[in-house]
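A.B. asks:
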Amino acid sequence: MKNREEIRTTFLLQELKESKSIYSYLQNNYEIFSEQIFTEYLKQLIDRNNIPKTELVLQTGLSKSYVYAILSGERRPPSRNRVILMALAVKATLEETQNLLVYSEYNPLSPKVQRDAAIIFAIEQQLSSFQLTELLFDLNLEPLE
Numbered sequence: 164m165k166n167r168e169e170i171r172t173t174f175l176l177q178e179l180k181e182s183k184s185i186y187s188y189l190q191n192n193y194e195i196f197s198e199q200i201f202t203e204y205l206k207q208l209i210d211r212n213n214i215p216k217t218e219l220v221l222q223t224g225l226s227k228s229y230v231y232a233i234l235s236g237e238r239r240p241p242s243r244n245r246v247i248l249m250a251l252a253v254k255a256t257l258e259e260t261q262n263l264l265v266y267s268e269y270n271p272l273s274p275k276v277q278r279d280a281a282i283i284f285a286i287e288q289q290l291s292s293f294q295l296t297e298l299l300f301d302l303n304l305e306p307l308e
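This is how it looks when you write it as structure tokens:
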């Protein structure tokens, strides 16, 4: 897999300009697109932290088929809230959570946003998704699901 940092935007733009087919461009550069990076990164976190896929399903409250479709790359990355739920379920650090959000083309968590600050706190304190839901409820903030 190409390292995203190694691929320069100008090179890709030039390749796209010279391409005779959008299909060949997309196929040739498949591994650089965010949704593939998201899926691979999530799988790395699952493997590193020895999280069974059944536990991921249980902790996120998402359907088994939905989670498996994301992990197989059949579905695009889920909503921002679901990415956060998945990050909590795989015990991602704040930096890893931010990476998952960026790879799924969402804004990273911001300490300037009250709800995001609560989520950052939950990640740093290693709270479960259920504990975070309770915290958001106590703060009268929108829940993740």
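In the working numbering, the protein residues as written are 164 to 308.
All C-beta atoms, glycine included, are put in the ideal place defined by N, C-alpha and C.
(1) Would DSSP call Ile214 helix, strand or coil?
(2) Checking contacts by CB at 8 Å: is Leu302 closer than that to chain C?
(3) Roughly how many angstroms lie between the CA atoms of Leu257 and Asn192, to the nearest whole one?
(4) What's the call for Ser226, buried or exposed, on a 16-neighbour Cβ count within 10 Å?
(5) Counting C-beta neighbours from all protein chains within 10 Å, is the total for Tyr186 16 or more, i.e. buried, or is it exposed?
(6) Suppose the cutoff is 6 Å on Cβ atoms and the five residues either side in sequence are ignored; what does the same chain contact list for Leu272 look like?
(7) Starting from Gln261, follow the alpha helix (DSSP H) in both directions and report where the run begins and ends.
(8) Grab the span of the alpha helix (DSSP H) containing Val230 for me, first residue to last.
(9) Since Ser228 and Val246 should fall inside the 8 Å C-beta cutoff, what is the C-beta to C-beta distance between them, to a whole number of angstroms?
(10) How about Phe174 and Leu263: do their beta carbons lie closer than 8 Å?
(11) Specify, as a first and last residue, the run of the alpha helix (DSSP H) that Arg288 falls within.
(12) Considering only C-alpha positions, which residue in the set Ala285, Gln177, Ala252 is nearest to Ile209?
(13) Quick one: is Thr172 buried, meaning 16 or more other Cβ sit within 10 Å of its Cβ, or exposed?
(14) For the alpha helix (DSSP H) holding Ser184, just list the boundary residues, first then last.
C.D. replies: Working from what's here:
(1) If you number the sequence shown from 1, residue 214 lands on position 51. Reduced to three states, the DSSP call for Ile214 is coil.
(2) Given the protein chain composition of this structure (a single chain), no chain C is represented.
(3) Translated into the one-based positions of the sequence shown, residue 257 becomes position 94. Translated into the one-based positions of the sequence shown, residue 192 becomes position 29. Between Leu257 and Asn192, the C-alpha separation is close to 29 Å.
(4) Taking the first residue of the sequence shown as position 1, residue 226 is located at position 63. Exposed, because fewer than 16 other Cβ atoms sit within 10 Å of the Cβ of Ser226.
(5) As a working note, residue 186 is residue 23 in the sequence shown. Label assigned to Tyr186: exposed.
(6) Residue 272 sits at position 109 when you count from the first residue of the sequence shown. Spatial neighbours of Leu272 in its own chain (CB-CB distance under 6 Å, excluding positions within 5 residues in sequence) are listed in chain order as Asp279, Ile282, Ile283.
(7) For the purposes of this step, residue 261 is taken as residue 98 along the sequence shown, with counting starting at 1. Gln261 -> alpha helix (DSSP H) spans 257-266.
(8) Looking up residue 230 in the sequence shown gives position 67. First-last of the alpha helix (DSSP H) with Val230: 227-234.
(9) For the purposes of this step, residue 228 is identified with residue 65 of the sequence shown, where counting begins at 1. For the purposes of this step, residue 246 is identified with residue 83 of the sequence shown, where counting begins at 1. About 18 Å separates the two Cβ atoms, so there is no contact after all.
(10) Against the sequence shown, residue 174 aligns to sequence position 11. Against the sequence shown, residue 263 aligns to sequence position 100. No, these two residues do not count as a Cβ contact at 8 Å.
(11) Position 125 of the sequence shown, counting from 1, holds the residue named residue 288. For the sequence presented, residue 288 should be read as Gln rather than Arg. That residue, Gln288, is in no alpha helix (DSSP H); it is neither H nor E in DSSP.
(12) Sequence index remark: in the sequence shown, residue 209 carries index 46 (1-based). Of Ala285, Gln177, Ala252, the residue nearest in Cα terms is Ala252.
(13) Taking the sequence shown and counting its residues from 1, one reaches residue 172 at position 9. Result: exposed.
(14) Indexing the sequence shown from 1 puts residue 184 at position 21. In this chain, Ser184 is not harboured by any alpha helix (DSSP H), its DSSP state being neither H nor E.
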